[in-house]
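Novice: Please read through the structure below; I'll follow up with questions.
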């Protein structure tokens with residue numbers, strides 16, 4: 009048996025003023041129903057398999073096969089601040105451009121915050137704090 013969680017649909021109100029219907033408590037998640045469903049086991053049932061079949065399967069599992077690459081890569085992060093005279097987007101692109109000179113495998117950029125430098129009542133610099141994600145290379 010395996011458990012399947014299914015949300016129960018109920019109408020939600022966005023606010024008391026916008027909809028006259030029933031409202032739910034903000035932040036409360038929908039109640040869930042857990043149903044048990046029969047599934048076929050992935051293990052071999054000895055009552056239905058011959059000893060020879062089990063021996064072959066056991067031998068196949070223990071055979072020396074080449075190791076496959078890890079299915080889950082290791083990701084590292086670095087935080088940088090880009091600076092531009094024109095925009096926050098240009099500042100983020102500049103941070104990425106500089107990091108890409110020394111880091112391979114950058115696959116994600118996340119803007120953490122933005123800011124400016126102000127002198128004499130005018131913006132002189134746009135600053136973008138970014139977090140870069142990149143895959144750690146394994147030994148070759």
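Residue numbers (the working numbering): 9 to 148.
The beta carbon of each residue, even a glycine, is placed where N, CA and C say it ideally should be.
DSSP beta-bridge partners for residue 83?
Specialist: Within the chain shown, numbered from 1, the residue matching residue 83 stands at position 75. DSSP output for residue 83 lists 143 as bridge partner(s).
Novice: Give the single residue among 109, 129, 136 whose Cα lies nearest to the Cα of residue 118.
Specialist: Numbered from its first residue, the chain shown carries residue 118 at position 110. Checked all of 109, 129, 136; the closest Cα to residue 118 is 136.
Novice: Measuring alpha carbon to alpha carbon, tell me which residue in 147, 84, 95 is nearest residue 115.
Specialist: To locate residue 115, count along the chain shown from 1; it is residue 107. When only C-alpha atoms are compared, the closest one is 84.
Novice: Please classify residue 138: is it buried, with 16 or more other beta-carbons within 10 angstroms of its beta-carbon, or exposed?
Specialist: On the chain shown, residue 138 is found 130 positions in, with the first residue counted as 1. Flag for residue 138 reads buried.
Novice: So which of 90, 82, 95, 124 has the shortest CA-CA distance to residue 108?
Specialist: Taking the first residue of the chain shown as 1, we reach residue 108 at position 100. Out of 90, 82, 95, 124, 90 has the C-alpha closest to the C-alpha of residue 108.
Novice: Over what stretch of residues does the beta strand (DSSP E) that includes residue 129 continue unbroken?
Specialist: Mapped onto the chain shown, residue 129 falls at position 121. Careful: residue 129 lies outside any beta strand (DSSP E) and carries neither H nor E.
Novice: Rounded to whole angstroms, what's the CA-CA distance from residue 121 to residue 94? Just pull it up for me.
Specialist: One-based indexing of the chain shown puts residue 121 at position 113. One-based indexing of the chain shown puts residue 94 at position 86. Taking the straight line from one Cα to the other gives about 17 Å.
Novice: Could you please give the first and the last residue of the uninterrupted alpha helix (DSSP H) stretch that includes residue 112?
Specialist: Within the chain shown, numbered from 1, the residue matching residue 112 stands at position 104. Unbroken run through residue 112: none, as it is neither H nor E.
Novice: Between the alpha carbons of residue 103 and residue 141, how many angstroms are there, rounded?
Specialist: Taking the chain shown and counting its residues from 1, one reaches residue 103 at position 95. Taking the chain shown and counting its residues from 1, one reaches residue 141 at position 133. Roughly 13 Å between the two C-alpha positions.
Novice: Once the 5 residues before and after residue 127 are set aside, which same chain residues still bring their CB inside 8 Å of it?
Specialist: Taking the chain shown and counting its residues from 1, one reaches residue 127 at position 119. If we look at residue 127 and ignore the five residues flanking it on each side, it has no Cβ neighbours.
Novice: Less than 8 Å between the CB atoms is what I'm expecting for residue 113 and residue 133, so what's the real figure, rounded?
Specialist: On the chain shown, position 105 is the one that residue 113 refers to. On the chain shown, position 125 is the one that residue 133 refers to. The pair is not a contact, with the Cβ atoms about 30 Å apart (cut-off 8 Å).
Novice: When burial is assigned at 16 or more other CB atoms within 10 Å of the CB, is residue 130 buried or exposed?
Specialist: Translated into the one-based positions of the chain shown, residue 130 becomes position 122. Its Cβ having fewer than 16 others within 10 Å, residue 130 is exposed.
Novice: If we ignore side chains and look at the alpha-carbon of each, how far apart do residue 147 and residue 125 end up?
Specialist: The count along the chain shown starts at 1 and reaches residue 147 at position 139. The count along the chain shown starts at 1 and reaches residue 125 at position 117. The straight-line gap from Cα to Cα measures roughly 43 Å.
Novice: Determine which residues share a DSSP beta bridge with residue 121 and list them.
Specialist: Position 113 of the chain shown, counting from 1, holds the residue named residue 121. Paired residues: 137.
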